[in-house]
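> If you read the protein sequences in the order shown, they are chains A, B, C and D. 0 is the number of the first residue of the first sequence in numbering that gives the first Met the number 0; add one for each residue after it. 0 is the number of the first residue of the second sequence in numbering that gives the first Met the number 0; add one for each residue after it. 0 is the number of the first residue of the third sequence in numbering that gives the first Met the number 0; add one for each residue after it. 0 is the number of the first residue of the fourth sequence in numbering that gives the first Met the number 0; add one for each residue after it. Positions of the beta carbon are idealized from the N, C-alpha and C atoms, including for glycine. Below is one structure. I have some questions about it.
There are 4 protein chains.
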Amino acid sequence: MASQKIVGVMGKGNLATSREIDQAYELGRLIGENGWILLTGGRNVGVMNAASEGAKSVGGLTIGILPGKDKTGVSQAVDIAIVTDVGNGRNNINVLSSDVIIACGIGAGTLSEIALALKNNRQVILLTTDRVTIEFFTNLAPEQVFIVHQPQDAIALVKQFLENDDI
Amino acid sequence: MASQKIVGVMGKGNLATSREIDQAYELGRLIGENGWILLTGGRNVGVMNAASEGAKSVGGLTIGILPGKDKTGVSQAVDIAIVTDVGNGRNNINVLSSDVIIACGIGAGTLSEIALALKNNRQVILLTTDRVTIEFFTNLAPEQVFIVHQPQDAIALVKQFLENDDI
Amino acid sequence: MASQKIVGVMGKGNLATSREIDQAYELGRLIGENGWILLTGGRNVGVMNAASEGAKSVGGLTIGILPGKDKTGVSQAVDIAIVTDVGNGRNNINVLSSDVIIACGIGAGTLSEIALALKNNRQVILLTTDRVTIEFFTNLAPEQVFIVHQPQDAIALVKQFLENDDI
Amino acid sequence: MASQKIVGVMGKGNLATSREIDQAYELGRLIGENGWILLTGGRNVGVMNAASEGAKSVGGLTIGILPGKDKTGVSQAVDIAIVTDVGNGRNNINVLSSDVIIACGIGAGTLSEIALALKNNRQVILLTTDRVTIEFFTNLAPEQVFIVHQPQDAIALVKQFLENDDI
C-alpha cells in the first residue's frame, strides 16, 4: 500500500472569527467522512482546533504539526502530534505534507502557508469572500489559487484534485 | 482523547546489516502488536523500511518523516508521510515526535538522532552489542541511554517508559 | 560590541523584472553605503543577486541564506554563505535574522517572507506601486507593512527604524 | 569574489570545562589571525562564547547561528547573528555552513554536530584526549574524523584542508 491521502486545513489561531471556526469544523467533518486524513498546525485554538474536532466528530484521523519543542498547547482533537521545533518554519512542512491544501480565511500565518504552497508549485483552495483577497490572488497566481465560498465547494475541489492524482 | 503513543525506530539506511534489518522488522512488528504508532525516517531502505514493514505485517500504523521536498523514496510500508524539506535536520523532528526512541544499531544519522535526543533531555533505548559503542555512551550519558541486546528487551523498556508517562 | 545591523532585501529570483533588478541593486548600494550588512536569499539570480552586487559595488558586506545543502548557485557577490538545507523554510531565517526587512516587489517567495515577518510580529518595508498589492496589505496589516515607491524612500525608513531600536 | 572561508568551532555550552574554554579561546584567536571567519552556535556560554572572544581579540569576524526566534542570549563577541528558530536543528546549519569543522570536546550537542557532519559527508577535526571517544570515532568513521590534542594542531589541519579545497 502507499501513503494515505492527507488534506491540510490552514487558518487563523486565536484571531479566527466565529464564522471561520464554523467553516473549519465543517471542513474537518467532511474530510473525516471522506476517509481522508486531516492535517493542521495542531494547536488548540482557532481553525486548527475546530477542523480537528470536526474530523474527530466522525471518527477521522487527525495530524497536528506543532511549531514548538514539545506538545504544549496541542489540540485534544489531534491524534498524531508531530513535534518540529522549527517555529513558523513548520508552515512549510504543513503544505509539503498535504496532498491538497485548504486555506480557511486569511491571517499572517495562513498567508505564509499559501505563499509557501505557491513557491513549492502547489495548488491551494482558498475559502474566502473578501473582495480584496480574491483580487490579490487572482492577480498573483490565477492558476494555483482556487477561490470557494463554502466548505462543501472546497471538498468538491479536493475530490477532483485527488482523482486527478494532483499531488 | 489525547494524542496517541508514538515509538520511534532509528537506524542505518543503505548501510544496514542483515542482522539490523531483522531486528528492525521485529521491533516494528512488536510495536504494531502493542498498538503503538511507529515513527521512522520514512525512506524505503534499511532499518526505516524494515521496521515499517514489520509494523504493517500486524496492521500497525506507520509514520515516515521524510528529509526531502516530496515523497520520492518513501517506503511503501509508510501510511502517513510527513514531508519536511529540512534535510538531515529532520532527525531532530524524529526524536521530538517520538514518545520513546529506539536506536537499532549505529550509523552517522542514527548517532545524530541519539545525540539530539540527549540534547533535548530525552532517553534513548540503544540496541547494540558493540563494546566500544556501549562504553562510549555509558561514559557520555549513563542516565539517558539504555543498552539492550534484543528487540524484545527494547520493547519491555518501552512499556515501562510509557507506563511511567515518561514523555 | 554587539551584533551588527543587518538589512534584509527580499524579492523574486528568476522572475524578477528589470525594474525590480535595478531597484534591488540601488537598495544594496545604499545599504552598503550606510555601513549596514546586507542579507538576502543568496542565490545568483534576480533581486538577491542584484542587491548583493549593489552592496559589493561600494564595499559592503553581504550574507546569503541558501536553501540547499551546499553552495551550489550562490551569488558571486555573497561574502558569507549560510547553508541551511531547509528549503523554503529558510525564508523564516531570512526575516528573523534581518533587523529591518525590505521586500522589493512581490513573488510567491517574497510573499511568504512578508507573511512570516508579520507572523513573527516584525515590520516590513514593501517597495511596490501595484494598487492591488497595496490594498491587500493595507487591509491585512496596516501597522506592520510600510509601502514605499522608491529605493531611497525604503532606506529613509530603515534609518528611522534602526534609530528607534526597532528590532 | 567568492564567499569567504568559514571555520566552525563546536563545543559544550554551560557544561564546558575550563580547559575546553581555554582551548576554544585559542582556536578562535588562531582562526582570526589566519583571516578566516569564525562560526559558532552563537550563545554567550562555553566554547561558543570563548571561541568568539578569541577571534575578536585579534579583530576577526564572528558569526553566531542561534537556535531561538530572537537574539536573546547571543554572545557579545558575535558580529553577525543568524536567527534560525529551528532549535537544535540549527546544528545541521552549523556544520553545512562551515568549510572546516572543529569539535572542541564532546557534549550531546557537539556529538550531534559531528554526527550530522559525517552524515553530510563532511570531515571533522576533533580536539580531545579522551581514550573512549577516540576509540569510538576511530571505529565509526576513521576517514572523516581527525583527532588532535592541541588547538595549534587543529589549525594546522584547517590550513591543509582549505589548501586542498576540501569543501
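With I36 (chain A) and Q3 (chain A) assumed to form a contact (beta carbons below 8 Å), what rounded beta-carbon distance in angstroms separates them?
Yes, they are in contact, since the Cβ atoms of I36 (chain A) and Q3 (chain A) sit about 5 Å apart, within 8 Å.
> Would you say S111 (chain B) and L65 (chain D) are within 7 Å of each other, going by their C-beta atoms?
Contact flag unset, no.
> As an exercise, report each continuous beta strand (DSSP E) stretch of at least 3 residues that is fully enclosed by the region 95-142 of chain B, in chain order.
Within the region 95-142 of chain B, the complete beta strand (DSSP E) runs of at least 3 residues are 99-103, 123-126.
> If you measure between the beta carbons of V57 (chain C) and E32 (chain C), is that distance less than 7 Å?
The answer is yes: Cβ separation under 7 Å.
> So what does DSSP say about G58 (chain B), is it helix, strand or coil?
Coil at G58 (chain B), not helix or strand.
> I'd like to check one pair, G88 (chain D) with G10 (chain D): are the Cβ atoms closer than 7 Å?
Going by C-beta atoms, G10 (chain D) is not nearer than 7 Å to G88 (chain D).
> Examine chain B for any beta-carbon lying closer than 7 Å to the beta-carbon of S111 (chain D), and answer yes or no.
Chain B, which has a Cβ nearer than 7 Å to the Cβ of S111 (chain D), makes this yes.
> Output needed for S169 (chain C): all residues of its chain with C-beta closer than 6 Å, excluding positions within five of it in sequence on either side, in chain order.
Any property of residue 169 (chain C) remains undetermined from this structure, which presents chain C solely from 0 to 166.
> Using 10 angstroms around the beta-carbon of S74 (chain D), count the other beta-carbons present and answer buried if the total reaches 16, otherwise exposed.
Flag for S74 (chain D) reads buried.
> Assess, as a yes-or-no matter, whether the region 19-28 of chain C is touched by the region 148-160 of chain B under the definition of 3 or more beta carbon pairs within less than 8 Å.
Touching, no, given that fewer than three Cβ pairs across the two stretches are closer than 8 Å.
> What residue from C:A54, C:G40, C:D21 has the CA that sits closest to T71 (chain C)'s CA?
The residue with the shortest Cα to Cα distance from T71 (chain C) is C:G40.
> Along chain D, in chain order, which residues have C-beta atoms closer than 7 Å to that of G86 (chain B)?
Result: N91.
> Scan the region 57-82 of chain A for residues whose Cβ lies nearer than 7 Å to a Cβ of chain D and list them as they occur along the chain.
Correct list: K68.
> Go through its chain and collect everything with a Cβ distance to V82 (chain A)'s Cβ below 8 Å, but skip five positions before and after it.
Excluding positions up to five away in sequence, the list reads L65, G67, K68, D69, K70.
> If we ignore side chains and look at the alpha-carbon of each, how far apart do V77 (chain B) and S51 (chain B) end up?
So the two alpha carbons sit approximately 6 Å from each other.
> With which residues is F145 (chain D) paired in a DSSP beta bridge?
DSSP lists D:I124 as partners of F145 (chain D).
> Do I173 (chain D) and V147 (chain D) have their CB atoms nearer than 7 Å?
Only positions 0 to 166 of chain D appear in this structure, which leaves residue 173 (chain D) out of reach.
> Grouping DSSP H, G and I as helix and E and B as strand, with all else coil, what is A50 (chain C)?
Helix at A50 (chain C).
> Check whether chain D comes within 7 Å of Q3 (chain C), counting only Cβ atoms and requiring the distance to be less than that.
Judged by the 7 Å Cβ criterion, Q3 (chain C) is in contact with chain D.
> Consider the Cβ of L117 (chain B): report whether some Cβ of chain D lies at a distance smaller than 7 Å.
With 7 Å as the cut-off, L117 (chain B) counts as an interface residue toward chain D.
> Beta strand (DSSP E) containing V8 (chain C): first to last residue?
From DSSP, the beta strand (DSSP E) with V8 (chain C) extends over 5-10.
> For E134 (chain D), which residues in chain B fall below 9 Å Cβ to Cβ?
By Cβ distance, chain B contributes V131, E134, F135.
> Say whether chain B places a C-beta atom closer than 7 Å to the C-beta of L95 (chain A).
Closer than 7 Å: yes.
> Which residue wins for smallest C-alpha separation from T127 (chain A), given the options A:G63, A:A102, A:N163?
That would be A:A102, whose Cα lies nearest to the Cα of T127 (chain A).
> Going straight from the alpha carbon of G34 (chain D) to that of V85 (chain B), what length do you get?
Rounded to the nearest angstrom, the two C-alpha atoms are 31 Å apart.
> Hey, is G45 (chain B)'s beta-carbon within less than 7 Å of any beta-carbon in chain D?
G45 (chain B) does not count as touching chain D.
> Are L117 (chain C) and A80 (chain A) close, meaning C-beta to C-beta below 7 Å?
Not closer than 7 Å, so no.
> Note down the Cα distance separating S99 (chain A) from R121 (chain A), rounded to an integer number of angstroms.
Before going further, note that residue 99 (chain A) is Val rather than Ser in the sequence given. Rounded to whole angstroms, V99 (chain A) to R121 (chain A) spans 8 Å at the Cα level.
> Given a cut-off of 7 Å on the beta-carbon distance, is the pair V131 (chain D) and F135 (chain B) in contact?
Taking 7 Å as the Cβ cut-off, V131 (chain D) and F135 (chain B) qualify as a contacting pair.
> Would you kindly report the start and end of the unbroken alpha helix (DSSP H) that includes V157 (chain A)?
Here the alpha helix (DSSP H) through V157 (chain A) covers 150-162.
> Which whole-angstrom value describes the C-beta separation of I20 (chain B) and A49 (chain B), a residue pair presumed to lie in contact below a C-beta threshold of 8 Å?
Contact holds; Cβ gap of about 5 Å.
> In this structure, how does DSSP classify L37 (chain D) when only helix, strand and coil are distinguished?
It is a strand residue.
> Going along the chain, which residues of the region 19-42 of chain B sit with their C-beta nearer than 8 Å to a C-beta in chain A?
From the region 19-42 of chain B, only I36 have a Cβ closer than 8 Å to chain A.
> My understanding is that G45 (chain A) touches N13 (chain A), with C-beta atoms under 8 Å, so please give their C-beta distance in whole angstroms.
About 6 Å; that satisfies the 8 Å criterion.
> Using only alpha-carbon positions, find the residue among C:Q149, C:P150, C:I133 that is nearest to E142 (chain C).
If we check each option's Cα against that of E142 (chain C), C:I133 comes out closest.
> Does the CB of N13 (chain C) have a neighbour CB from chain A at under 7 Å?
Cβ-Cβ to chain A under 7 Å: no for N13 (chain C).
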